[in-house]
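Below is one structure; the comments refer to it alone.
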Amino acid sequence: MRKSKDTTVKNEEIKVREVRVIGKEGEQLGVMETKKALQLAYQDGLDLVLVAPNSNPPVAKIMDFGKYKYEKEKREKEAKKKQKKQILKEMKFRLRIDEHDFNTKVRRIRSFLEEGNKVRVVVMFLGRDIMFTDKGKEILNKVVQNVEDIAEVTRAPKMAGRDMDMILSPKKQ
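In terms of our numbering, the sequence shown opens at residue 2 and continues consecutively.
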């Protein structure tokens, strides 16, 4: 059985003596004892839900809690659908890369950027290649030149261990 992570306080769980009550239609009913507010809610077959527990006095609303919870979950689900996650893709290069291989990787980087993803471009230095970090920087600059129409450099080239990397992100329209 799954436990609910909902922290809304309702009905007998309300421990304060007095609450400011809002009716089922949104009208102000004033400040009254919690017991009296509960009786009003039960008369209509509804729940008393604490909506602003930190105010003075706390604010409680008479509503159908099941319907409230359902609508809240529905709104959260809808908001989650509209979010677009940006994924960080990665493309690795070596110093001795052929022109064709380079172009293929650049085309792949372009497609990642067009999909709206960020791309981490890495030049790996193997063995004695570490002595030629300037060549690695040249490769990264060449990549930037090939995608500058659709991308911008988010993080400039920098060394991280035996790799040199930078991050490209799509330009905003």
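All residues carry an ideal CB built from backbone N, CA and C; glycine is no exception.
No experiment lies behind these values; they were computed from the predicted model shown.
Inter-residue CB distance, residue i and residue j (contact presumed, cutoff 8 Å)
{"i": "leucine 141", "j": "methionine 167", "result": "6 Å"}
{"i": "alanine 61", "j": "alanine 38", "result": "6 Å"}
Straight-line gap, residue i to residue j (C-alpha atoms, nearest Å)
{"i": "isoleucine 23", "j": "glycine 67", "result": "18 Å"}
{"i": "aspartate 130", "j": "lysine 90", "result": "24 Å"}
{"i": "alanine 42", "j": "leucine 51", "result": "12 Å"}
{"i": "leucine 49", "j": "serine 56", "result": "16 Å"}
{"i": "arginine 156", "j": "lysine 70", "result": "43 Å"}
{"i": "arginine 108", "j": "lysine 138", "result": "19 Å"}
Per-residue DSSP class, three states only, for residue i
{"i": "valine 145", "result": "helix"}
{"i": "lysine 93", "result": "strand"}
{"i": "isoleucine 98", "result": "coil"}
{"i": "glycine 128", "result": "helix"}
{"i": "arginine 3", "result": "Unreliable positioning characterises arginine 3 in this predicted model, as indicated by a pLDDT of 47, which lies under 50. A coordinate reading is not provided."}
{"i": "aspartate 135", "result": "helix"}
{"i": "threonine 105", "result": "helix"}
Buried or exposed (CB count within 10 angstroms, at least 16 for buried), residue i
{"i": "leucine 127", "result": "exposed"}
{"i": "phenylalanine 133", "result": "exposed"}
- Message: As an exercise, report each continuous beta strand (DSSP E) stretch of at least 3 residues that is fully enclosed by the region 33 to 83, in chain order.
- Response: 48 to 53, 60 to 64
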